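Engineer: Quick mapping for you: the protein sequence lines, in order, are chains S and E.
For the first sequence, position 9 (counting from the first letter as 1) is numbered 9 according to the numbering used here, and the numbering increases by one without interruption.
For the second sequence, position 31 (counting from the first letter as 1) is numbered 31 according to the numbering used here, and the numbering increases by one without interruption.
No residue lacks a Cβ here, since even glycine has one placed at the ideal position from N, Cα and C.
All figures in this text were calculated on a predicted structure; none of them were measured in a lab.
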Amino acid sequence: MKRYYGRQIVQPKIDPIPKNAVVSPTFRQNICQRCGQDQRAALPNHAYYCRACLALGRVSTLDVLVSLPEPNLFDTPTDLTWQGQLTAQQQQVSAALLGALAHQREHLVWAVTGAGKTEMLFPFIAQALKQKQRVAVISPRIDVILELAPRLQAAFAHSPQVVLYGEQKAPYTYTQLVLATTHQMLRFVAAFDVVIIDEVDSFPFAGDAMLAFAVQKAKKPQSTVIYLTATPTKRLQQRVKQRTLNVSYLPLRFHQHLLPEIKTALVGNWRRRLPHQMVAQLRELFARAVPLLVFVPHVADLAPVFAAIQQIFPTAAGDFVWAEDPQRVEKVQRMRSGTLHFLVTTTILERGVTFSGVQVMILGAEEPIFSASALVQIAGRVGRDQLQPTGLVQAYLQQMNFKVMAAQRQIKQMNQRGRQLGGQR
Amino acid sequence: MTCLLCGRSLPKKLDLLQIFGLMKRQSANVCSMCRQAFSPIETACVGCGRQQNTTTLCQDCRRWQAQGRQLLEHRALYQYNDAMRRYMQAYKFHGDYILRQVFNDELIQMIHTLDMDVVVPIPVSTTTLATRGFNQTTGLIDGVAYQALLEVAQTKKAHQSQLNRQARMTRAQPFAMAAETALTGQSVLLVDDVYTTGNTLYHAAALLYQSGAQVVKSLSLAR
Ligand SMILES: [Zn+2]
Ligand SMILES: [Zn+2]
Ligand SMILES: [Zn+2]
Numbered sequence: 001m002k003r004y005y006g007r008q009i010v011q012p013k014i015d016p017i018p019k020n021a022v023v024s025p026t027f028r029q030n031i032c033q034r035c036g037q038d039q040r041a042a043l044p045n046h047a048y049y050c051r052a053c054l055a056l057g058r059v060s061t062l063d064v065l066v067s068l069p070e071p072n073l074f075d076t077p078t079d080l081t082w083q084g085q086l087t088a089q090q091q092q093v094s095a096a097l098l099g100a101l102a103h104q105r106e107h108l109v110w111a112v113t114g115a116g117k118t119e120m121l122f123p124f125i126a127q128a129l130k131q132k133q134r135v136a137v138i139s140p141r142i143d144v145i146l147e148l149a150p151r152l153q154a155a156f157a158h159s160p161q162v163v164l165y166g167e168q169k170a171p172y173t174y175t176q177l178v179l180a181t182t183h184q185m186l187r188f189v190a191a192f193d194v195v196i197i198d199e200v201d202s203f204p205f206a207g208d209a210m211l212a213f214a215v216q217k218a219k220k221p222q223s224t225v226i227y228l229t230a231t232p233t234k235r236l237q238q239r240v241k242q243r244t245l246n247v248s249y250l251p252l253r254f255h256q257h258l259l260p261e262i263k264t265a266l267v268g269n270w271r272r273r274l275p276h277q278m279v280a281q282l283r284e285l286f287a288r289a290v291p292l293l294v295f296v297p298h299v300a301d302l303a304p305v306f307a308a309i310q311q312i313f314p315t316a317a318g319d320f321v322w323a324e325d326p327q328r329v330e331k332v333q334r335m336r337s338g339t340l341h342f343l344v345t346t347t348i349l350e351r352g353v354t355f356s357g358v359q360v361m362i363l364g365a366e367e368p369i370f371s372a373s374a375l376v377q378i379a380g381r382v383g384r385d386q387l388q389p390t391g392l393v394q395a396y397l398q399q400m401n402f403k404v405m406a407a408q409r410q411i412k413q414m415n416q417r418g419r420q421l422g423g424q425r
Numbered sequence: 001m002t003c004l005l006c007g008r009s010l011p012k013k014l015d016l017l018q019i020f021g022l023m024k025r026q027s028a029n030v031c032s033m034c035r036q037a038f039s040p041i042e043t044a045c046v047g048c049g050r051q052q053n054t055t056t057l058c059q060d061c062r063r064w065q066a067q068g069r070q071l072l073e074h075r076a077l078y079q080y081n082d083a084m085r086r087y088m089q090a091y092k093f094h095g096d097y098i099l100r101q102v103f104n105d106e107l108i109q110m111i112h113t114l115d116m117d118v119v120v121p122i123p124v125s126t127t128t129l130a131t132r133g134f135n136q137t138t139g140l141i142d143g144v145a146y147q148a149l150l151e152v153a154q155t156k157k158a159h160q161s162q163l164n165r166q167a168r169m170t171r172a173q174p175f176a177m178a179a180e181t182a183l184t185g186q187s188v189l190l191v192d193d194v195y196t197t198g199n200t201l202y203h204a205a206a207l208l209y210q211s212g213a214q215v216v217k218s219l220s221l222a223r
């Protein structure tokens, strides 16, 4: 029975219904009650199904939605086993989060990449768990969830947690602490007292009506929602301005250094030949054996740019990588271990990955594929390491535009806040 | 309009060759990339439609013949490759019924070419019908007049050991006639989604011959 608590389970009408379960129809006024969309496709005999959320298993008029109200029946230990110390800044944010919890409000944490936002969540999560609240930590990106899972498990060593995502095979169990991709929220209804959304702006969550619906449905009407991001969407920024959303800033990285700012250089058509400024910079970086990421706008740019670099620097070990690259994981690993000196990449490496001491170049930074957020995220790849807290973020453009300037401004503003807190370059 | 299989948007304009009818018009609901992943059967065993270098009878078909079966002269449109396996997964097991349209035109064309008196689909169980909501085979040939002459036989729950012994010998007849039907002198085309061992179709054919069919042939999307 526990597996029905706060869940919304799709089952055929002909299957037996568990005792006391709440049974509801799969469609209301043509809207799928699991995902909130109207993307129906016909079945024979006037039946139909939803194509919008088909990836989670089909919902059709031959099914019903079965649920048991979330009872918050938790008796597992909730103590925080993490022993670390928060910086003064982190402590301030942590206090703000505890305030949001007390008032069951929404709260945005606008933290630069590498600020240590996970640790700062620990006291907040511990408090919620202690109050028998059910907590979901979710992200649109599965890599974010997979990275968070062991850290949370270590911080709450005695609290069982379940990790939910598309391809995983392990069966669902009822736990107080749930880690999941945003998609998985479609399978819950009024289950969570606390929802923490990490990298809230990252594809595919931003602007996706279905996933916004999922979060809305999975949380209880009275609940605390925390948004974590380095690059809030326009909508979130607007709400901050209108003061309908409280915000905490975390402008300094854990090592107390400022974000590297984006340098720009106007160049000719780099698709024809590499800019000579870039060649000079490459020569200098390769001579010092500095690891380098070169971002390009499109998959089609990868091979030519890689070949051009190889031709000039035949001894530099490099490769290129894109989203569907079957060897993506291996290449990232070889870059991490230092076997590769440089990697030419599309925006897939804009977030989530950390390479110690890496510096970045962005070719065609003015092109549409690089949003202001993407550029800020790319800059955030640099200086993650305490030993090398700064480095080069060089954008090559054929013309300047507002978007690149917006990215530069965002970083400058964060750095201004950081300087007030005593941050250094 | 987007590709039914990958969701990418499809080009609007028709190929000139298609407009002038010089090229076979394929259902324009799947992009060329997805279409290419399927591999059509060109030269095949005349007994079972299996892709091979010649049209001579394969080992399996000679075995059917040795058992005294009238060969089905089975025709299949595509090989059961990776793309087809994924298609079947999405269509049949995930229940994405709209995917019946992907091969619908081609199957209808083939059925017209074969020109038999009666088209009979392989049935699915009532449980499958109540949960999946459709028979995958009748979905594939949507638009063709067929007769649902067969049904899945009601099997009594056999004892496990008994079942194993049965399975070791030959599987029992899984079908029954849905109604007493005289097929005397008629030619019948059996249709299934996939031809794997031939067991299913030969069992079905046996029933139709018992009901008086003069000749029974078969067709499937994949082999
Ligand atoms: Zn849906
Ligand atoms: Zn396609
Ligand atoms: Zn054969």
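Which residues are close to ligand 2, meaning CB closer than 7 Å to any heavy atom, in chain order?
Structural biologist: Any residue whose Cβ sits closer than 7 Å to a heavy atom of ligand 2 makes the list: E/3, E/5, E/6, E/8, E/30, E/31, E/33, E/34.
Engineer: Output the boundary residues of the beta strand (DSSP E) element that contains residue 246 of chain S.
Structural biologist: Here the beta strand (DSSP E) through residue 246 of chain S covers 246 to 250.
Engineer: Out of E/130, E/114, E/50, which one is the CA nearest neighbour of residue 40 of chain E?
Structural biologist: The shortest Cα separation from residue 40 of chain E among E/130, E/114, E/50 belongs to E/50.
Engineer: Note down, in chain order, every chain E residue with its Cβ under 9 Å from the Cβ of residue 14 of chain S.
Structural biologist: The answer, in chain order, is 127, 130, 131.
Engineer: For residue 134 of chain E, would you say it is in contact with chain S, using Cβ-to-Cβ distances shorter than 7 Å as the test?
Structural biologist: Yes, contact with chain S.
Engineer: Where DSSP assigns a beta bridge to residue 107 of chain S, which residues make up the other side?
Structural biologist: Answer by DSSP bridge pairing, in chain order: S/226, S/246.
Engineer: Let me make sure I understand the geometry here. Which of S/1, S/21, S/39, S/351 has the alpha-carbon closest to that of residue 28 of chain S?
Structural biologist: The shortest C-alpha separation from residue 28 of chain S is found at S/39.
Engineer: Taking only heavy atoms of ligand 1 into account, decide whether any of them is closer than 6 Å to the Cβ of residue 157 of chain S.
Structural biologist: The answer is no for residue 157 of chain S.
Engineer: Please compile the residues from chain E whose C-beta is within a distance smaller than 8 Å of the C-beta of residue 25 of chain S.
Structural biologist: Residues of chain E passing the Cβ test: none, with the nearest at roughly 16 Å.
Engineer: Nearer than 6 Å: is that true of the beta carbon of residue 34 of chain S relative to any heavy atom of ligand 1?
Structural biologist: Yes; taking the cut-off as 6 Å, the Cβ of residue 34 of chain S has a heavy atom of ligand 1 nearer than that.
Engineer: Is it the case that the CB of residue 59 of chain S approaches a heavy atom of ligand 1 more closely than 6 Å?
Structural biologist: Yes, since a heavy atom of ligand 1 falls inside the 6 Å radius drawn around the Cβ of residue 59 of chain S.
Engineer: Which residue wins for smallest C-alpha separation from residue 144 of chain S, given the options S/415, S/363, S/362, S/351?
Structural biologist: Nearest of S/415, S/363, S/362, S/351 to residue 144 of chain S, Cα basis: S/351.
Engineer: Within 10 angstroms of the Cβ of residue 225 of chain E, are there 16 or more other Cβ atoms? Answer buried if so, exposed if not.
Structural biologist: It is not possible to answer for residue 225 of chain E, since the shown part of chain E is limited to 1 through 223.
Engineer: According to the Cβ coordinates, are residue 192 of chain S and residue 136 of chain S closer than 7 Å?
Structural biologist: Yes, these two residues count as a Cβ contact at 7 Å.
Engineer: Residues bridged to residue 318 of chain S by DSSP?
Structural biologist: DSSP output for residue 318 of chain S lists S/342 as bridge partner(s).
Engineer: Going along the chain, which unbroken runs of the alpha helix (DSSP H) with 4 or more residues stay wholly within the stretch 93 to 152 of chain S?
Structural biologist: Runs found: 117 to 130.
Engineer: When the distance is taken between beta carbons, is residue 114 of chain E closer than 7 Å to residue 207 of chain E?
Structural biologist: Contact flag unset, no.
Engineer: Is residue 52 of chain S near ligand 1, judged by its Cβ being under 6 Å from some heavy atom?
Structural biologist: Residue 52 of chain S Cβ: within cutoff of ligand 1.
Engineer: Nearer than 6 Å: is that true of the beta carbon of residue 50 of chain E relative to any heavy atom of ligand 3?
Structural biologist: Yes, Cβ of residue 50 of chain E sits closer than 6 Å to a heavy atom of ligand 3.
Engineer: Measure from the C-beta of residue 60 of chain S to each C-beta in chain E and report whether the shortest distance is under 7 Å.
Structural biologist: It does: the Cβ of residue 60 of chain S has a partner Cβ on chain E nearer than 7 Å.
Engineer: Based on DSSP bridge pairs, tell me the residues matched to residue 151 of chain E.
Structural biologist: Residue 151 of chain E is bridged to E/176.
Engineer: Do we get a CB-CB distance below 7 Å when we pair residue 87 of chain E with the residues of chain S?
Structural biologist: No, because no Cβ of chain S sits closer than 7 Å to the Cβ of residue 87 of chain E.
Engineer: For residue 47 of chain E, is the beta carbon positioned less than 6 Å from some heavy atom of ligand 3?
Structural biologist: At least one heavy atom of ligand 3 is nearer than 6 Å to the Cβ of residue 47 of chain E, so yes.
Engineer: With a cut-off of 7 Å, does the C-beta of residue 41 of chain S fall near any C-beta of chain B?
Structural biologist: Among the chains of the structure shown, chain B does not appear; the protein chains present are S and E.
Engineer: When you measure from the CB of residue 142 of chain E to every non-hydrogen atom of ligand 3, does any distance come out below 6 Å?
Structural biologist: Result no, Cβ not under 6 Å from ligand 3.
Engineer: Would the C-beta of residue 60 of chain E count as close to ligand 3, meaning under 6 Å from any of its heavy atoms?
Structural biologist: For ligand 3, at least one heavy atom lies less than 6 Å from the Cβ of residue 60 of chain E.
Engineer: Using C-beta distances below 7 Å, list every residue in its chain close to residue 245 of chain S, excluding the 5 sequence neighbours before and after it, in chain order.
Structural biologist: Correct list, in chain order: 106, 108, 236, 239.
Engineer: So does the stretch 140 to 155 of chain S actually touch the stretch 404 to 418 of chain S, counting three or more Cβ pairs closer than 8 Å?
Structural biologist: Verdict: no, contact absent.
Engineer: Any beta carbon from chain S within less than 7 Å of residue 108 of chain E's own beta carbon?
Structural biologist: Taking Cβ atoms only, chain S never reaches closer than 7 Å to residue 108 of chain E, which makes this a no.
Engineer: Does the Cβ-Cβ distance between residue 378 of chain S and residue 254 of chain S come in under 7 Å?
Structural biologist: No. Outside cutoff.
Engineer: By the 8 Å beta-carbon criterion, what residues does the stretch 47 to 59 of chain S contribute toward chain E?
Structural biologist: For the stretch 47 to 59 of chain S, which is checked against every Cβ of chain E, the residues closer than 8 Å are 47, 49, 51, 54, 57, 58.
Engineer: Give the interface partners of residue 94 of chain E over in chain S, defined as CB-CB distance under 8 Å, in chain order.
Structural biologist: 54, 57, 58, listed in chain order.
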